[in-house]
Amino acid sequence: MIRAAGVAEVTDADFEAEVIGAALPVLVEFTADWCPPCRQMGPVLSALAAEEGERLKVVQLDVDTNPETTRAYRVLSMPTFMVFKGGEPLKAMVGARPKRRLLAELDDVL
Numbered sequence: 001m002i003r004a005a006g007v008a009e010v011t012d013a014d015f016e017a018e019v020i021g022a023a024l025p026v027l028v029e030f031t032a033d034w035c036p037p038c039r040q041m042g043p044v045l046s047a048l049a050a051e052e053g054e055r056l057k058v059v060q061l062d063v064d065t066n067p068e069t070t071r072a073y074r075v076l077s078m079p080t081f082m083v084f085k086g087g088e089p090l091k092a093m094v095g096a097r098p099k100r101r102l103l104a105e106l107d108d109v110l
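Taking UniProt numbering as reference, the numbering of the sequence shown is continuous, increasing by one, and the terminal residue is 110.
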């Protein structure tokens, strides 16, 4: 998987600990190597992780190698962004977007 700099990768095995059990809200990008819009989101996620790291945890999950979590949250399109807070999925957004729009969409959960 092409990982965004400064963004952790989560798996089916550690999703519970890293996302559900996280103290901060978590933005999960469901991504895949074969997805061009996912690659476009790399720099956006890196910047977001750097700027909002104290308020938001940003992680990526490769849908091809982590089918359980992908199925559990009914993710069908890449990239899908899902925000978790207190262990619950609060919102899902599908498709690449500029950082400003992503931040605006995260405003109510930060």
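No residue lacks a Cβ here, since even glycine has one placed at the ideal position from N, Cα and C. Note that the structure is predicted; figures quoted are calculated from it, not measured.
When you compare each of the options to residue i by their alpha carbons, which one comes out closest?
{"i": "Gln-60", "options": "Phe-81, Leu-76, Asp-107 and Ala-17", "result": "Phe-81"}
{"i": "Asn-66", "options": "Ala-13, Ala-5 and Met-93", "result": "Ala-13"}
Can you tell me the Cα-Cα spacing of residue i and residue j, whole angstroms?
{"i": "Ala-22", "j": "Val-83", "result": "12 Å"}
{"i": "Met-93", "j": "Pro-79", "result": "8 Å"}
Drop a sphere of 10 angstroms on the beta-carbon of residue i, count the other beta-carbons inside from all chains shown, and report buried for 16 or more, exposed for fewer.
{"i": "Leu-106", "result": "buried"}
{"i": "Thr-11", "result": "exposed"}
{"i": "Ala-4", "result": "buried"}
Which of the three DSSP states, helix, strand or coil, is assigned to residue i?
{"i": "Val-58", "result": "strand"}
{"i": "Val-94", "result": "strand"}
{"i": "Ala-32", "result": "coil"}
{"i": "Met-19", "result": "Note on identity: in this sequence residue 19 is Val, with Met being the wrong assignment. In the structure shown, Val-19 sits in a helix (DSSP, three-state: H, G or I)."}
{"i": "Thr-80", "result": "strand"}
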